[in-house]
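Novice: In the working numbering, the protein residues as written are 91 to 798. By construction, the Cβ of each residue, glycine as well, lies at the ideal position given by its N, Cα and C atoms.
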Ligand code: ARG
Ligand code: GLU
């Protein structure tokens, strides 16, 4: 018995030492060279060239950058595409009306003719990526100033892009890696005719809403379905009814087997931004200044919004989307802050920096970089703080930002086309606008602004000039809301009926305009330029620091920070311990959806059809152990932008769609911790169950390919 226990612990120890790779977002063209052995050891069964190849088709050909900030994957030879419900939300909303409320009821195209075009929506597929560091740095010398270097690199990159796209319809860009130590060219094929094929009702696609957002255990069917269309030659084409479904070079096979605890998985997608190599000074700013203030400012806004939304049903709907987007980062920042403090990320970084300082002592190239960064961060602090306040305490005031945007239009011709455009803009704005919320928000935000930022003379001056004459912040704001033309659609209508000169004059004299001009002026002429300039100098120091780190830690493989380029992350399905005495399992099921079911609570109101299927246990081929799998977590290192990414098994088969991270792991943008960081995916079997059994759109499955 002892012996067996000993062996158990011994193997557990060995596994712990060797298996946990988990961290990192790797470039597909390099993953073969850098990580293939490790991926293999952990459960990958396909060749490196199956992941990425330029000469024949590979999995990368089935992955798209969806819109500007999500990922999608192709699942049929007719260009059928999966992404998240929250990624397709804008499109689903844009096709919705009171008569056809697809957000509430879901949408299913029964025939190709019913698939809905989405002007403006693009998807990009990576054709190839190349290391172009040499060409990008042609003519660059160590003596150059940073602006000169940037100009040279920009010129070189324009040439590289021109050469890569010449005679093709491709789009290309050169991106900087490791703070400008390396450059890669990315060539994309860009499709512009992407149609909506299906979406579950929000009560499935957004089940749990903001309450469950960033949380585990989760029960959201966060998926929507699109289709890529191309010209008859299978090349990208602008929308035309004559376009045909795109025939992809590759599409994903769907696994019906799921993944168990411990199974290898990888995520292939477009992560947005991470900051893994920042110094302790940057972390200190996040922890002590940036995040706490930004969180507090959003708490103010959310409290006001929520109270008003609870008071009035129309306002609840009007502010649903605004509330969701304010709450998303607000909640993420809190998780991030907790994680960074709990892990003592700043302390750990200081240890690394001491090591670096000792190592760099006799190396003139690196000796000065950390002191230089420290000094630059000291200088940046003030401007970063003022910038945060402008963006989080002034920019969110809807009246002034609407006035500012309106004013920018009055510099051009004021004719019938102009008034038409502005009338539409006003329509858009007032459709979802509550002056009650905005007024209360403006008073509260400006109060916080004054309290925290008036130590800066330029800000104090604004409050002295624009607020003090009216007695108090509340007095000044109330007067502004009483007299501004931008506060109601009626007044904007009357404004638009005025002759051009009077219109300009009235916009110019508006109190909301005056306040906008004051704050925006200080921001764009003082804070932003200094912030930008210091950030560029910081970037330059990081270039040296990064190179030094790589020279110091010769055996470490450094993955580049995310920058919205295609990456591979890998790990395994795994539960975790969020707190003392608590363990979270790795899988959730339909039983959990029903446990949360609560008709009175908007976020948890399960659709009746799903209740009926549950009551009848009518799960068909989607039944697993008497229920239906819904979501699962794994150790893949992901971030915003990975939404909709395929999560794949060792054979490269589709297990599900990534859609979130756990609250405890949001700090992985700065520091990844394998014991607690988990990405959240919806199980593909739940997606199929909803399509087939809940929506009755099983015909869509006919074009998919399955592995048992
Ligand atoms: N937290 C996820 C992400 O960062 C999902 C956001 C959308 N869902 C929501 N309930 N607001 O994008
Ligand atoms: N929901 C996020 C997205 O839209 C993914 C969650 C994350 O940040 O990992 O990309």
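Throw me the rounded Cβ distance for the residue 479 and residue 556 pair, which I believe falls under 8 Å.
Specialist: Not really, about 16 Å apart at Cβ, beyond 8 Å.
Novice: Measuring straight from C-alpha to C-alpha, what distance separates residue 227 and residue 636?
Specialist: 17 Å
Novice: Is residue 304 near the ligand ARG, going by C-beta to nearest heavy atom under 7 Å?
Specialist: yes
Novice: Could you give the DSSP three-state label for residue 91: helix, strand or coil?
Specialist: Reliability of the predicted coordinates at residue 91 is poor, the pLDDT of 41 falling under 50, and no value is obtained from them.
Novice: Would you call residue 441 buried or exposed, if buried means 16 or more other Cβ atoms sit within 10 Å of its Cβ?
Specialist: exposed
Novice: Report, in whole angstroms, the separation of the C-beta atoms of residue 439 and residue 373, which I expect to be a contact under 8 Å.
Specialist: 6 Å
Novice: Look up residue 219 in the DSSP assignment and say whether it is helix, strand or coil.
Specialist: strand
Novice: Alpha carbons only, please: which of 471, 529 and 634 is nearest the one belonging to residue 380?
Specialist: 471
Novice: If we ignore side chains and look at the alpha-carbon of each, how far apart do residue 311 and residue 484 end up?
Specialist: 36 Å
Novice: Under the three-state reduction of DSSP, which class applies to residue 728: helix, strand or coil?
Specialist: coil
Novice: Using the Cβ count rule (16 or more neighbours within 10 Å means buried), how would you classify residue 210?
Specialist: exposed
Novice: For residue 163, name the three-state secondary structure that DSSP assigns.
Specialist: In the structure shown, residue 163 sits in a strand (DSSP, three-state: E or B).
Novice: Enumerate in chain order the residues of its own chain whose CB-to-CB distance from residue 719 is below 7 Å, with the five nearest sequence positions on each side excluded.
Specialist: 348, 677, 679, 773, 775 and 776
Novice: If you draw a straight line from the alpha carbon of residue 212 to that of residue 219, how long is it in whole angstroms?
Specialist: The straight-line gap from Cα to Cα measures roughly 20 Å.
Novice: Considering just the uninterrupted stretch of the alpha helix (DSSP H) at residue 397, what are its terminal residues?
Specialist: 381-401
Novice: In whole angstroms, what separates the C-alpha of residue 520 from that of residue 181?
Specialist: Answer to the nearest angstrom: the Cα atoms are 20 Å apart.
Novice: What does DSSP give as the partner residue(s) for residue 666 in the beta ladder?
Specialist: 674
Novice: Indicate whether residue 389 and residue 398 have their beta-carbon atoms separated by less than 8 Å.
Specialist: no
Novice: Is any heavy atom of the ligand GLU found at a distance shorter than 7 Å from the C-beta of residue 726?
Specialist: no
Novice: Please state whether DSSP places residue 306 in a helix, a strand or coil.
Specialist: Coil.
Novice: If you check the beta carbons only, do residue 601 and residue 153 fall under 8 Å apart?
Specialist: no
Novice: Tell me, please, whether the region 276-288 touches the region 124-143 by the rule of three or more beta-carbon pairs shorter than 8 Å.
Specialist: no
Novice: Spatial neighbours of residue 528 within its chain, please: C-beta separation below 6 Å, excluding the five flanking residues on both sides.
Specialist: Excluding residues within five positions, the ones whose Cβ falls inside 6 Å are 488 and 489.
Novice: Hey, is residue 746 close to the ligand GLU, as in C-beta under 7 Å from one of its heavy atoms?
Specialist: no
Novice: Are the CB atoms of residue 734 and residue 156 within a distance shorter than 8 Å?
Specialist: Yes, these two residues count as a Cβ contact at 8 Å.
Novice: Using a Cβ-Cβ cutoff of less than 6 Å, which residues in the same chain neighbour residue 467 once the five nearest sequence positions on both sides are dropped?
Specialist: 371
Novice: Using only CA atoms, which one of 627, 506 and 436 lies nearest to residue 589?
Specialist: 506
Novice: Taking only three categories from DSSP, how would you classify residue 539?
Specialist: helix
Novice: How many Å lie between residue 171 and residue 793 at the Cα?
Specialist: 12 Å
Novice: Under the three-state reduction of DSSP, which class applies to residue 789: helix, strand or coil?
Specialist: helix
Novice: Tell me whether residue 184 sits in a helix, a strand or coil according to DSSP, three-state version.
Specialist: If DSSP states are grouped into helix, strand and coil, residue 184 belongs with the helices.
Novice: Per DSSP, what kind of secondary structure is residue 261 in: helix, strand or coil?
Specialist: strand
Novice: Quick one: what's got a C-beta closer than 8 Å to residue 504's C-beta in the same chain, skipping five residues either side?
Specialist: 590, 593 and 594
Novice: Along the chain, where does the beta strand (DSSP E) containing residue 589 start, and where does it finish?
Specialist: Residue 589 -> no beta strand (DSSP E), and no H or E assigned at all.
Novice: Buried or exposed: which applies to residue 410, given that a residue is buried once 16 or more other Cβ atoms fall within 10 Å of its Cβ?
Specialist: Burial state of residue 410 is buried, judged by a 10 Å Cβ sphere holding 16 or more other Cβ atoms.
Novice: Going by DSSP, which residues form a beta bridge with residue 116?
Specialist: Per DSSP, the beta-bridge partners of residue 116 are 658.
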